[in-house]
């Protein structure tokens, strides 16, 4: 593992040279499909924020709703600084980007990652969860991802990068058939199918897409499953007796204990 002094001596041009000439890998950095808010609780949350700490929208608003806005955060931090507070033994870490609504640069991301690495070393943090850095600033994700791999190489820090993948209608149909129509899917109901799909995939409007497919497109479910809807029909017309004993109905009660007179059945009219 690199020491803090070694990290400080690393500079951005060295990374650029390796990025252009070498394949940068890091088995501890993984991309997962999902939301940062719903990430595993053992991972410390990392989010980027403007230097004036705007919690009014986006992922930071969701973090505020879930973990609160700790007053120990210092406002108007310098660009590239890393600040945090602790909520139930979980670090909520903020990477200070440029001023609000200003785009970040690759070099700023690199500097911030170095500071994040120092923070992890100082606080013994070995599990981080974050969104894609620079994704909303129109930066190339492969280069930003390689920065993360490069800065945290040869360490025991496990990093998951949360992202929501987009699927075409054809890809969604394949997923539905695998998780619903197949033998493993078992033509389960809507809620079970959603739960099964969410173990591997997730996208906005998943529930609505499942309802549309499950109800309208699955012929097996349409033909064989019993619905809970009751069909109301008109009552049938029956004949009514006009005089006593015009119609007689007879029934016999099953064998009972034989009486003293030898009777075993009861005849009812």
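In the numbering used here, the protein residues as written are 216 to 484. For every residue, glycine included, the Cβ atom is placed at its ideal position computed from N, Cα and C. Predicted, not measured: the structure shown is a model, and the values here were computed from it.
Asked: Helix, strand or coil at residue 258 [DSSP, three-state]; Found: coil
Asked: Presumed contact (8 angstroms Cβ cut-off) between residue 350 and residue 244, rounded CB distance; Found: With 8 angstroms as the limit, residue 350 and residue 244 do not qualify as a contact, their Cβ atoms being about 15 angstroms apart.
Asked: Cβ distance (whole Å) where residue 409 is taken to contact residue 425 below 8 angstroms; Found: 5 angstroms
Asked: Own chain residues within Cβ distance below 8 angstroms of residue 357, not counting five before or after; Found: none
Asked: Beta-carbon gap between residue 373 and residue 258 smaller than 9 angstroms; Found: yes
Asked: Limits of the beta strand (DSSP E) - the one that residue 236 falls within; Found: First-last for residue 236: 227-236, but that is the alpha helix (DSSP H), not the beta strand (DSSP E).
Asked: Residue 390: CB within 8 angstroms of a non-hydrogen atom of the ligand PLP; Found: Absence of the ligand PLP is noted for the structure shown, with no ligands found whatsoever.
Asked: Residue nearest to residue 342 in terms of C-alpha spacing, selected from 295, 434, 307 and 435; Found: 307
Asked: For residue 252, three-class secondary structure by DSSP; Found: coil
Asked: Pairwise C-alpha distance: residue 325 and residue 279; Found: 26 angstroms
Asked: Residue burial classification, residue 395 (beta-carbon count within 10 angstroms, cutoff 16); Found: buried
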